[in-house]
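K.L.:
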Amino acid sequence: LRFSGTGEKFKPATSLSRSFWFVKDPYLDLTTDPKYSGRVEYTCEDNKCCLRISDLRQSDSAEYKFRFMTNQHGGTWTGSPGVTLSVKGKSLPLEIKLTCHSSCQLPHHLSYVWYNKHNQVKGGKKYFLLEHVEAADSYYCAIKGHEHIRAPEVPVVSSPSGEIMEGSSVTLTCSSDAQPAANYTWYKKNEREEFQLLLEGTQFVFSSIQSSDSGVYHCTAENELGRNSTDIIIASHFIFSSEQIFIIADVRAEHGGNYLCAAQNIRGRHNSTVRLTVKAGKYVGGYYLDTTDKSCE
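Its first residue numbered 1, the sequence shown is counted upward by one per residue in the UniProt record's numbering.
(1) When the Cα atoms are used, what is the spatial distance from V156 to G75?
(2) Sort E45, D60, T43 by Cα distance to K35 and report the nearest one.
(3) Going by beta-carbon coordinates alone, are R39 and I53 separated by less than 8 Å?
(4) Among the residues of its own chain, which have a CB less than 7 Å from the CB of S17, if the five just before and after it don't count?
(5) Compute the beta-carbon to beta-carbon distance between E243 and S211, rounded to the nearest angstrom, for a pair I have assumed lies under 8 Å.
(6) Return the residue from the list F128, D46, A151 that minimises the CA-CA distance to I96.
(7) Taking the alpha-carbon positions, what's the L276 to G256 distance?
(8) Quick check: is the beta carbon of K144 nearer than 8 Å to any beta carbon in chain B?
(9) Jot down the residue ranges of each uninterrupted beta strand (DSSP E) in the stretch 200 to 233, minimum 3 residues, whole runs only, in chain order.
(10) Do the stretch 177 to 185 and the stretch 220 to 236 touch if we need at least three Cβ pairs shorter than 8 Å?
(11) Closest to P107 by CA distance: which of K144, T273, S80 is it?
(12) Could you tell me the alpha carbon to alpha carbon distance between G82 and K24, rounded to whole angstroms?
(13) Run the CB neighbour count on L197, radius 10 Å, all protein chains shown included, and call it buried at 16 or more, exposed below.
(14) Find out if the Cβ-Cβ distance for the pair K126, Y112 is shorter than 8 Å.
Below is the structure:
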């Protein structure tokens with residue numbers, strides 16, 4: 001998929017310092033968005049900046065906006081409305097045959113019950129033929145007389161949305177529909193791409209969240225009938241400081257990314273973004289962002 005945007009809105013004496021595409025406020029560059037990791041590419045030339053998205057997914061459906069910044073005070077521009085992308089799924093087969101399996105030793109001539117989400121549907125046999133399929137349909141089966149017993153469904157993790165202040169308390173809650181009740185276990189993916197055990201319980205609490213807590217977390221719901229799991233990404237979008245100068249005392253690779261400065265009073269709010277790139281080399285001390293420059297006033 002290929003989009004194009006133009007950067008012709010600045011005066012001839014003004015130079016372009018940065019341009020990018022985004023779908024989320026406040027201006028999260030798609031190249032740094034974990035959802036698009038490794039799937040987006042910009043090609044900018046002749047006052048045009050094209051966005052290419054590979055491995056297109058239905059979740060990519062969104063309004064895409066183009067933004068550029070110049071070397072002048074207040075020299076920012078955002079294309080609004082943007083370009084709306086609607087991704088349709090592949091056509092589904094007309095009929096699907098579902099089969100109910102059990103690892104238990106069961107007598108013959110059993111009756112089965114089939115459910116669409118939590119609503120009982122026509123069934124009774126081990127096999128269930130679907131003639132009409134919807135993209136978000138979810139089915140499960142049970143043995144008649146034991147309908148209340150089922151393995152955990154895919155867990156749902158609730159987390160706070162919006163801006164998070166570093167040092168604040170954040171709670172992740174994992175829940176799944178299961179009978180008997182499921183036991184929950186939390187994991188975090190480490191540098192070796194392995195999931196490391198954190199704790200057991202429905203909630204995982206950051207009493208004082210830090211930028212180093214960013215990463216992929218894994219919640220598993222399990223009972224005697226089965227196991228299911230889901231992932232959640234905690235992104236680095238914290239409010240690090242409310243001071244005019246933000247200092248990074250021990251710069252590491254994970255500090256690289258986009259930093260947003262927001263100046264706000266009763267008259268309104270103005271944002272400006274700076275990108276920090278951390279390269280391997282000799283340590284030379286701290287790095288600081290001074291918001292006294294004109295870009296953040």
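For glycine and all other residues, C-beta sits at the position ideal for the given N, C-alpha and C.
P.N.:
The structure says:
(1) If you number the sequence shown from 1, residue 156 lands on position 156. If you number the sequence shown from 1, residue 75 lands on position 75. Approximately 43 Å, taken between the alpha carbons.
(2) Residue mapping note: residue 35 aligns to position 35 of the sequence shown, counting from 1. Nearest C-alpha to K35: D60.
(3) Along the sequence shown, read from residue 1 onward, the residue named residue 39 stands at position 39. Along the sequence shown, read from residue 1 onward, the residue named residue 53 stands at position 53. Cβ distance < 8 Å, so R39 and I53 count as in contact.
(4) Residue numbering aside, residue 17 sits at position 17 when the sequence shown is read from its first letter. Excluding positions up to five away in sequence, the list reads M69, T70, N71.
(5) Taking the first residue of the sequence shown as 1, we reach residue 243 at position 243. Taking the first residue of the sequence shown as 1, we reach residue 211 at position 211. In fact, because the Cβ distance is near 16 Å, the residues do not count as touching under 8 Å.
(6) By 1-based counting over the sequence shown, the position of residue 96 is 96. Minimum Cα distance to I96 is reached at F128.
(7) For the purposes of this step, residue 276 is identified with residue 276 of the sequence shown, where counting begins at 1. For the purposes of this step, residue 256 is identified with residue 256 of the sequence shown, where counting begins at 1. Rounded to whole angstroms, L276 to G256 spans 5 Å at the Cα level.
(8) Structure shown: chain B not included; a single protein chain is present.
(9) 203 to 206, 215 to 223
(10) yes
(11) Residue numbering aside, residue 107 sits at position 107 when the sequence shown is read from its first letter. Taking only the C-alpha atoms, the option nearest P107 is K144.
(12) Looking up residue 82 in the sequence shown gives position 82. Looking up residue 24 in the sequence shown gives position 24. Whole-angstrom Cα-Cα distance: 12 Å.
(13) Reading the sequence shown from its first residue, position 197 is the one you call residue 197. Exposed.
(14) Here residue 126 corresponds to residue number 126 of the sequence shown, with the count starting at 1. Here residue 112 corresponds to residue number 112 of the sequence shown, with the count starting at 1. Yes, the pair counts as a contact, with Cβ atoms nearer than the cut-off.
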